[in-house]
Every structure is written in C-alpha cells, then in structure tokens.
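K.L.:
Quick note: the sequence shown, position 165, residue 164 per numbering that gives the first Met the number 0, numbers continuous.
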Amino acid sequence: MLKRFELHNHTTESDASITCAELVDLMVRDRVDAFALTDHNTISGHRIVKKILEEKKPPVQCVYGMEYTTYYGHILCLNLRRYVPWDSIDRNCPEKLFRACREAGALAGIAHPFSYGAPFARGCRFEMTVTDFSQVDFIEVFNNSEPLHEVNERGLNGWQALVLRGEKLAATSGMDLHGARDMSMNFATYVEGEPNGDPALELERAIRSQQTWLSKGLALRWSLDADGGARFWLEDVRKPGFVPSDSYLLSLTDANGERTFDITAGERALSAAELGDAPVIIPKLYGESPQIEDLVCLAPVIRR
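So, in structure tokens, the structure goes:
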C-alpha cells in the first residue's frame, strides 16, 4: 500500500504558531499516515511528540527530523535520531554536513532550493555549492507554501535536470507548515508501506531507492514488460479534497524531451517503441494539459 507522508512541518518549538499537540491533531484530521517534525535548528519537540503519541495513541505516526536553517540555504534532515551539530557548515562544501547527518543514520536533503531568499527571506534560497550529489539523499521539489512558478516549477526542472544527467536523487514534497491550513489539492509524498509498518524504515527505503510519489490524489504506477514496453495505471490514494477527472495525460520525459499519451480507464500500455530506449525516464501524470498547474503526480523514475 501507499502511505501518505507530510515531510516538512514546524511548531512553536521554533517559529510556528501551532503547538506539537495541535500539529498531531491536524495530521489526524487530514488522515495523514505519518508526518515529519522538522523545526528550525532544534529537536526539542521530539520528546513532546513522542509523549503525545505514546499516551494518546492517535492514528498517525511521526518521523523525527530538523531543518538546518542557515544564511545560505535550508537542509532538511529526516530520521534524525540525535542532534547533529552544524558548525561544519560550509557554503562551498555543504557535503560536510550532509555526510555528518548520514553518518548519524539520517536522511539529508535540500529544502525549497529556489525559494526567494534575500531581501525577502534571507537564507531560504539554497546558495551552497554542491559538487558531489551522491552525498544528497533528496530534493524537496514541491514546497506547497511557495509560489508555483517562481519556486516549485524551478525546483521540479532543477531536480529533473540532475536526474537526467545520472544523479540518483529522490523527490519529496512538503507543506512547510507554520500554522494550521488546508492541505487539500497540495502535493504529499507517498511511499510503499504496511498498515503497522515502521515509518522511519519505510521512508528510508523509499528515499534510498528513489521510490517516492508526489501526488495531489492519484498515484501513477508503472511496471516494465519483458518485451521492453511498460504498463501504467492509476491508484486513488484517497487524499482529502481531491476531485478526480475523467481524463488524464501520461507524460514521459527523457534526455530527448517530453512526450504525452492519453491514459483512459485508469491505465495505458506502451510498446517498446512508444516507451523508447532512454536509460532514464521521468513519468508524470497531468490533467487536461502538460502544464505544472495541471500536474497531479510525479512518479518514481524509470531506470534501465
């Protein structure tokens, strides 16, 4: 089954207006399977949320993390079991901090890489120079609090360019919650999991293998055929507020550009010739047009 993860959230332990208890309640109301606690530069909320979950046993799980907030960009850290100091931060070599987080067993990624930054929000834009992307686990492609074109479309295109050149980077999304808000028709991150599975292990497995779905309500699934073709189908992930349509477009992007196909009755089979022989293909699901306004799902990358 696919489980919904909300991977970027803040509380009054840093700069948000909602408490840890209110964040848990919000996630329960929106039927989230697991959420990440990622306050700015502090893990003080970890023990609070753990106590809430142990005592009240709400139908939601938590993965614990932190958002490293620097003058040169934000680094999102997930599955953080202990505080990792960031005095090693280096604008010209952020791999030092990524490496330290990973050595502690955590997942480390770039948050909202094309955020506005100075003078509007100093430090929010990622301005560090990464030379070794093998040290980076994921990129937050969609930050639902940021503008669609100016920030998120650039995030999608930037991640896509890195993947097409051969980098193995998972894609994630997040609400970047600093207060209670409607989460419908926003992207959430979906990963394979079990009803009573360990969300930290499920998230780690998905990020390490780049098997994440960023979706507003439908997951685009695929499987490769022995003859070189592929089958694509749609799965309703039951996200509150999503209104299904009668028709969708299947998009495949590789080094040669983007191609679209109608996907009717919830599935579509492509021959080997239609799929092409590119080693890396990025599948996406759109509504009426292949424009970011109509994007419904970014699926896991096809690698051959």
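All C-beta atoms, glycine included, are put in the ideal place defined by N, C-alpha and C.
Tell me the DSSP bridge mates of LYS215?
P.N.:
Partner(s): none; LYS215 has no beta bridge.
K.L.:
Tell me the DSSP secondary structure of SER183 in three-state form.
P.N.:
Looking at SER183 - three-state DSSP - the assignment turns out to be coil, as it is neither helix nor strand.
K.L.:
Along the alpha helix (DSSP H) that carries VAL236, what are the first and last residues, could you check?
P.N.:
Unbroken run through VAL236: none, as it is neither H nor E.
K.L.:
Taking the alpha helix (DSSP H) that VAL242 falls in, what are its first and last residues?
P.N.:
Where VAL242 is concerned, there is no enclosing alpha helix (DSSP H), given that its DSSP letter is neither H nor E.
K.L.:
Tell me which same chain residues have a C-beta within less than 6 Å of the C-beta of GLY192, skipping the five on either side of it?
P.N.:
Contacts found: LYS2, GLU201.
K.L.:
Please state if the CB of GLY72 and the CB of ARG124 are separated by a distance shorter than 8 Å.
P.N.:
Their beta carbons are under 8 Å apart, which means ARG124 touches GLY72 by this criterion.
K.L.:
For VAL62, report the span of its beta strand (DSSP E) as first-last.
P.N.:
Looking at the DSSP string, the run of the beta strand (DSSP E) that includes VAL62 is 60-63.
K.L.:
Just curious, the beta strand (DSSP E) that ALA35 is in, first and last residue?
P.N.:
Looking at the DSSP string, the run of the beta strand (DSSP E) that includes ALA35 is 33-36.
K.L.:
Round the Cβ separation of GLN134 and PHE97 to the nearest angstrom and send it over; I've been treating them as touching at under 8 Å.
P.N.:
With 8 Å as the limit, GLN134 and PHE97 qualify as a contact, their Cβ atoms being about 4 Å apart.
K.L.:
Can you list, in chain order, the residues of its chain with a C-beta nearer than 7 Å to that of GLU203? Leave out the 5 residues immediately preceding and following it.
P.N.:
If we look at GLU203 and ignore the five residues flanking it on each side, its Cβ neighbours are ASN78, LEU106.
K.L.:
For ARG30, count the other beta carbons within 10 Å of its own beta carbon; 16 or more makes it buried, fewer makes it exposed. Which is it?
P.N.:
Classification for ARG30: exposed.
K.L.:
LEU163 lies in the alpha helix (DSSP H); which residues open and close that run?
P.N.:
Counting along the chain, the alpha helix (DSSP H) containing LEU163 begins and ends at 153-163.
K.L.:
Quick check on this structure: which residue in SER87, ALA99, THR69, GLU94 has the alpha carbon closest to the alpha carbon of ARG80?
P.N.:
Minimum Cα distance to ARG80 is reached at ALA99.
K.L.:
Ignore the nearest five residues each way along the sequence and tell me which others in GLU166's own chain have a CB closer than 7 Å to its CB.
P.N.:
Excluding positions up to five away in sequence, the list reads PHE132.
K.L.:
How should PRO194 be labelled, buried or exposed, when 16 other C-beta atoms within 10 angstroms of its C-beta is the threshold for buried?
P.N.:
The residue is exposed, with fewer than 16 neighbouring Cβ atoms inside 10 Å.
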